[in-house]
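There are 4 protein chains.
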Amino acid sequence: MDKEKRKHQIMECAKRLFATHGYYNTQISDIIREAKIARGTFYRYFNHKKDLFVTLLENYYQQWKAGISLEAQELDLRTITPEDYFRHRVRNSLLFFANDPYLCKITLRMGLGLPSDMEGSIQRLETKITELIEKDIKLGINNNHIRPDIDVELTANLVVGSILRLSYFYFGLGEEKSSRADVERITEKVTEMFFPGLFLKYQPPATN
Amino acid sequence: MDKEKRKHQIMECAKRLFATHGYYNTQISDIIREAKIARGTFYRYFNHKKDLFVTLLENYYQQWKAGISLEAQELDLRTITPEDYFRHRVRNSLLFFANDPYLCKITLRMGLGLPSDMEGSIQRLETKITELIEKDIKLGINNNHIRPDIDVELTANLVVGSILRLSYFYFGLGEEKSSRADVERITEKVTEMFFPGLFLKYQPPATN
Amino acid sequence: MDKEKRKHQIMECAKRLFATHGYYNTQISDIIREAKIARGTFYRYFNHKKDLFVTLLENYYQQWKAGISLEAQELDLRTITPEDYFRHRVRNSLLFFANDPYLCKITLRMGLGLPSDMEGSIQRLETKITELIEKDIKLGINNNHIRPDIDVELTANLVVGSILRLSYFYFGLGEEKSSRADVERITEKVTEMFFPGLFLKYQPPATN
Amino acid sequence: MDKEKRKHQIMECAKRLFATHGYYNTQISDIIREAKIARGTFYRYFNHKKDLFVTLLENYYQQWKAGISLEAQELDLRTITPEDYFRHRVRNSLLFFANDPYLCKITLRMGLGLPSDMEGSIQRLETKITELIEKDIKLGINNNHIRPDIDVELTANLVVGSILRLSYFYFGLGEEKSSRADVERITEKVTEMFFPGLFLKYQPPATN
DNA sequence: AATGAATGAGCATTCATTCAT
DNA sequence: CATGAATGAATGCTCATTCAT
């Protein structure tokens, strides 16, 4: 239908603008200029700016759900190995995000709501943490503790991602400070999880 | 100094408000009401609203850096095992975030910039993905593929965090679609990393 | 003619909407929804929204004029008493308004242009004035000054109507404050007019 | 207080503009231009445009109430004649409206909400009705039925005011057509009320 | 230093009117 | 004739920032 096409066109423009400049730094004026439509036309398709945003994400969510059920059909659950099953899941999740960088940015809350200079302030901390982990990994490789064939950058991001997500989940959602006990438990679990895949079997330094 | 105390008081109020309602939904009016100061006073301590925000994060960053160097001193690098070293790093990162839920929220871009109803639209996708992984893990445990002693919720968040971070890093920062090859490579690395810590040694089903 | 019928249908809908929600709170969208016609169709029958409104009143005015000339024919001016003549005039005026509550509201400027909550603010003053007059009349009846057979509510409205109309005519149409002399003259005339019909012959209180 | 003075200044400007161009044809821009203040300043004193309007009327109402209680004190209720009492009431009501032509216009719903050209369409009907009554009165005077000393224009407005108010009260406030019975009853009461004050004792025409 | 009244650029949204089909 | 998608000028309101006291 032609009406749907127009709506889609607006959504594509908005998605790019939201991802690039953030929700609050994208004005209706920007969207209609980009979409080459008149001001009033925008409001024929969306009730508010907010409506557009929510529609965008709702759409994305539906797309993801559809992808999931499709994915299920591809697998022969009786014969697949656990490793392949895991691999499959990971691949499909990545593919989903890889497919649309703009929605990826929006969903991952990058560039959402903050002007790029302020965004930078936030990213710096993440980057620094990642760099620290990278350094640690390199050190571990040099000392023959960590498998030398791993991709340092990727692994650092992987580990940082876990830690940030767990912080968010366990410390950020509430409002009160978390207890030391929580931290210890989480620390232990994270270590258990990463150790086997990350480290070589440990050889205590030969003393002489 | 008294001046510093006043500045600190403003920052504490702002931090809480930013974390709770987002940068754009926190007005100067809110901050000065909360901090019990006059409008003009605010501008004696900060040049703009943006300045306050950046100062807040800069502070946080310095705090983190200080924590890091402190941490280094605690360790006797000659005798510590690699596992303890890793554990140490993880613990300190978690502690840092656990210590200040408001800054945690801000840094992790939660509640930043979006009214809570729109924020919900975003969180849904993350939650759904996490739930899916949780289901997979439970299935794996039932089928004796996954170690039964793991914490399902924690592990799901850990895995999801990795995947989201990698998506962000490899697909979100640029603007062009990513190649299939990238996805395959990342998939493989993620699988390699998690497999040993997550799965029991695989026993192919006995055929009869 | 079919065209006239359609035009009439639009006018009926608009009349009801204007009377109920006011001119400015009635949108073209409301009218066409109610009249079940398309947006463009409206503009085939009326040049503007204003045109519709003016047409509506023009129509009403013509109707009234027609009613007047008709009325004249009913009377035998040679034999009718002055009282019947007056009664006749009053009856026909009332009938005219009684016949179409929507046009009545519009002509009497009720519900024109203001949202109902603001309209309320205006009505309150009128209501309070009327209530005050009602109280006075009741008092007069109790003291045997006013004929006990009158309809209090009706009479209060009648008197208030006169006063408001005279205020409007003598004080509202111009822009400058009116002189005290005007007020005195009008007061005297109003008193003269209402006194004979409203009051019993006055009996000065017996002194002892 | 200075703050009150500023608020008062805005209200005075708005009152004049509302009365002259109507609520909907008075823009915030007009008000602030007239009051020589900035856009934002307006919103320091009033929450909305509507708020200003309601405040204006609320003020007027309070003024009226204060006037009423004051008025009560002036009267010696034990000695005043009913006629003087009535005269007093009428005078004070008129004085109230005479005092502020702008608020008079607003309260009487003139110039409220409609551009002056449309307002004209409405006024025409009122004017025509008044003219008709004037003609009747002159006729009555010529025929020696009506007292020759009355003020024709004033009396016509007085009678029209009553009729319009009664129409409004009995036919306009509801939405359904009124019954013929209502009209007859009102007609009779109006005639009874005006007849004694308006007409000379009727002399049936001498027949020969 | 502290205050808070004043400022005005900026923005989302509305709605009468037009015009291609 | 009828339609309804498109238009864009107009408007109420927000809010970061300034500045006189």
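Residue numbers (my numbering), protein chains in the order written: chain A, 1 to 208; chain B, 1001 to 1208; chain C, 2001 to 2208; chain D, 3001 to 3208.
We treat Cβ as the ideally placed atom computed from N, Cα and C, and that holds for glycine.
Below 9 Å on C-beta distance, what does residue i contact in chain A?
i, result
"Asp1136 (chain B)", "Tyr85, Phe86, Arg89"
At 7 Å on the CB atoms, spell out the chain D contacts of residue i, in chain order.
i, result
"Leu2052 (chain C)", "By Cβ distance, chain D contributes nothing, its closest Cβ being about 11 Å from Leu2052 (chain C), past 7 Å."
Hey, does residue i have any beta-carbon neighbour from chain B nearer than 9 Å?
i, result
"Phe195 (chain A)", "yes"
"Asp151 (chain A)", "yes"
Would you verify that the beta carbon of residue i is, or is not, closer than 9 Å to some beta carbon of chain C?
i, result
"Met3118 (chain D)", "yes"
"Cys3104 (chain D)", "yes"
"Thr3107 (chain D)", "yes"
"Ile3133 (chain D)", "yes"
"Lys3189 (chain D)", "yes"
"Ala3098 (chain D)", "yes"
Under 8 Å Cβ-Cβ, which residues of chain C neighbour residue i?
i, result
"Ser3093 (chain D)", "Ile2129, Ile2163, Ser2167"
Applying a beta-carbon distance threshold of less than 7 Å, which residues of chain B neighbour residue i?
i, result
"Glu192 (chain A)", "Gly1197"
"Ile186 (chain A)", "Leu1094, Leu1154"
Quick check on the DSSP output: the alpha helix (DSSP H) that includes residue i runs from which residue to which?
i, result
"Arg3006 (chain D)", "3002-3021"
"Ser2167 (chain C)", "2152-2167"
"His2048 (chain C)", "Segment: none, His2048 (chain C) is in no alpha helix (DSSP H) and carries neither H nor E."
"Ile32 (chain A)", "28-35"
"Asp1144 (chain B)", "According to the sequence shown, residue 1144 (chain B) is Asn rather than Asp. Where Asn1144 (chain B) is concerned, there is no enclosing alpha helix (DSSP H), given that its DSSP letter is neither H nor E."
"Ile186 (chain A)", "180-198"
"Asp2084 (chain C)", "2082-2099"
Would you mind giving the Cβ-Cβ distance between residue i and residue j, rounded to the nearest angstrom? I have them listed as a contact below 8 Å.
i, j, result
"Asp2136 (chain C)", "Arg3089 (chain D)", "6 Å"
"Ile3129 (chain D)", "Leu2094 (chain C)", "12 Å between Cβ atoms; not a contact."
"Phe42 (chain A)", "Met1118 (chain B)", "The Cβ separation is near 18 Å, so there is no contact."
"Ile2080 (chain C)", "Ile2037 (chain C)", "About 48 Å; that fails the 8 Å criterion."
"Ala3098 (chain D)", "Glu3134 (chain D)", "That pair is no contact at about 23 Å."
"Leu3057 (chain D)", "Ala3014 (chain D)", "11 Å between Cβ atoms; not a contact."
"Lys2 (chain A)", "Leu17 (chain A)", "Note on identity: in this sequence residue 2 (chain A) is Asp, with Lys being the wrong assignment. Asp2 (chain A) to Leu17 (chain A), Cβ: 23 Å. No contact."
"His3145 (chain D)", "Pro2196 (chain C)", "Incorrect: roughly 15 Å between the Cβ atoms, too far for contact."
"Val3160 (chain D)", "Arg2087 (chain C)", "Their Cβ separation, rounded to whole angstroms, is 16 Å, which puts Val3160 (chain D) and Arg2087 (chain C) out of contact at 8 Å."
"Tyr102 (chain A)", "Leu1125 (chain B)", "So it is not a contact: roughly 14 Å between Cβ atoms."
"Met2193 (chain C)", "Leu3198 (chain D)", "7 Å"
"Leu1108 (chain B)", "Gly172 (chain A)", "6 Å"
Since residue i meets chain C, which of its residues come closer than 7 Å, beta carbon to beta carbon?
i, result
"Arg3124 (chain D)", "Tyr2061"
For chain D, is any of its Cβ atoms less than 9 Å away from the one on residue i?
i, result
"Asn2143 (chain C)", "yes"
When the cut-off is 9 Å and only beta carbons count, does residue i lie next to chain A?
i, result
"Ile1010 (chain B)", "no"
"Asp1182 (chain B)", "yes"
In chain order, what residues of the segment 153-173 of chain A put their CB closer than 9 Å to some CB of chain B? Glu153, Leu154, Thr155, Asn157, Leu158, Val159, Val160, Gly161, Ser162, Ile163, Leu164, Arg165, Leu166, Ser167, Tyr168, Phe169, Tyr170, Phe171, Gly172, Leu173
Chain-ordered residues of the segment 3020-3050 of chain D with a beta carbon less than 7 Å from chain C: Gly3022, Tyr3023, Tyr3024, Lys3050
What residues in the segment 1056-1083 of chain B bring their beta carbon closer than 8 Å to a beta carbon of chain A? Leu1057, Glu1058, Tyr1060, Tyr1061, Trp1064, Lys1065, Ile1068, Thr1081, Pro1082, Glu1083
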